[in-house]
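Numbering (my numbering), first residue to last: 87 to 299. First comes the structure, then the notes that go with it.
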């Protein structure tokens, strides 16, 4: 059986989060077409970061300009998120950091949406889609998908996906997907905690920002 680095318990206590419920309020990203989910998520977070900076003197690029810039450079082929961010961030006076789950939640509390990547098998993706079709506002747990039960994974068995981490409460983390407003909870979905999947989090900041963790 393939071993995972995922632990059983979240790093935070429910009592701690119940006092600190946070949500980043940004527009729903447009639906992806083809293999463009990575660009949708990255453009959404870049757009929010640029518009959050009151000191910018230049004209704010809209979401479609950012998305087109990414697609012209990288296309629909599977991309490493760091390669995209290394290229795109300096063009807009931004920078990025790969962060842990705890740091990602701190980012949310400071009104910073977080680029998020996770990967599932074909069977897990089917379960994922069926769960939110039946329970649009439900909270996905290990009862539905337990990645620690994966066996004999081969190269290519996992399909990655990009979303935007936008909020949390004591009982769940909330993400914005790129499958349209009609999907799940008006385009958003919830999972029980940061250990449900092997998430990768990327925080995007203005180049001059002091990082708060």
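Ideal placement from N, C-alpha and C gives every residue a C-beta, glycine not left out.
Legend entry - Coil, strand or helix - residue 292 by DSSP: Position 206 of the chain shown holds residue 292. In this structure, residue 292 counts as strand in the three-state DSSP scheme.
Legend entry - Coil, strand or helix - residue 109 by DSSP: Here the question's residue 109 lines up with position 23 in the chain shown. Looking at residue 109 - three-state DSSP - the assignment turns out to be strand.
Inset, instruction - Determine the burial state of residue 132: buried for a count of at least 16 other Cβ atoms within 10 Å of its Cβ, exposed for fewer. - result: Start at 1 with the first residue of the chain shown, and residue 132 comes out as number 46. Per the 10 Å Cβ criterion, buried.
Legend entry - Separation of residue 223 from residue 127, as counted between CA atoms: Against the chain shown, residue 127 aligns to sequence position 41. Against the chain shown, residue 223 aligns to sequence position 137. In a straight line, the C-alpha of residue 127 is about 21 Å away from that of residue 223.
Inset, instruction - Quick one: give me the first and last residue of the beta strand (DSSP E) that residue 245 is part of. - result: Your numbering for residue 245 matches position 159 in the chain shown. From DSSP, the beta strand (DSSP E) with residue 245 extends over 245 to 255.
Inset, instruction - Using DSSP bridges, identify the partner residues of residue 200. - result: Here residue 200 is taken as the residue at index 114 of the chain shown, counted from 1. Answer by DSSP bridge pairing, in chain order: 251 and 289.
Inset, instruction - For residue 183, collect the residues of the same chain with a Cβ closer than 6 Å to its Cβ; drop the 5 residues on either side in sequence, then sort them by chain order. - result: Translated into positions along the chain shown, residue 183 becomes position 97. Cβ within range, chain order: 289.
Legend entry - Own chain residues within Cβ distance below 6 Å of residue 193, not counting five before or after: Translated into the one-based positions of the chain shown, residue 193 becomes position 107. Non-local beta-carbon contacts of residue 193 in its own chain, meaning distances under 6 Å to residues more than five positions away in sequence, involve 200 and 289 in chain order.
Legend entry - Helix, strand or coil at residue 37 [DSSP, three-state]: Since the first and last residues shown for the chain are 87 and 299, residue 37 lies out of range.
Inset, instruction - Below 8 Å on the Cβ atoms is my guess for residue 164 versus residue 121; work out the distance and round it to an integer in Å. - result: Locating residue 164 in the chain shown gives position 78, where the first residue counts as 1. Locating residue 121 in the chain shown gives position 35, where the first residue counts as 1. Between residue 121 and residue 164 the Cβ distance is about 7 Å, and since that is below 8 Å, they are a contact.
Inset, instruction - Would you give the residue range spanned by the beta strand (DSSP E) that residue 262 belongs to? - result: Position 176 of the chain shown, counted from the first residue, corresponds to residue 262. Run containing residue 262: 258 to 262, per the beta strand (DSSP E) assignment.
Inset, instruction - Tell me, please, which residues DSSP counts as bridged to residue 183. - result: By 1-based counting over the chain shown, the position of residue 183 is 97. Residue 183 pairs with 289.
Legend entry - Euclidean distance between Cα positions of residue 109 and residue 257: What you label residue 109 is simply residue 23 of the chain shown in a count that begins at 1. What you label residue 257 is simply residue 171 of the chain shown in a count that begins at 1. Going from the Cα of residue 109 to the Cα of residue 257 covers about 14 Å.
Inset, instruction - Measure the C-alpha to C-alpha separation of residue 119 and residue 248 and round it to an integer number of angstroms. - result: By one-based count along the chain shown, residue 119 stands at place 33. By one-based count along the chain shown, residue 248 stands at place 162. Rounded to whole angstroms, residue 119 to residue 248 spans 13 Å at the Cα level.
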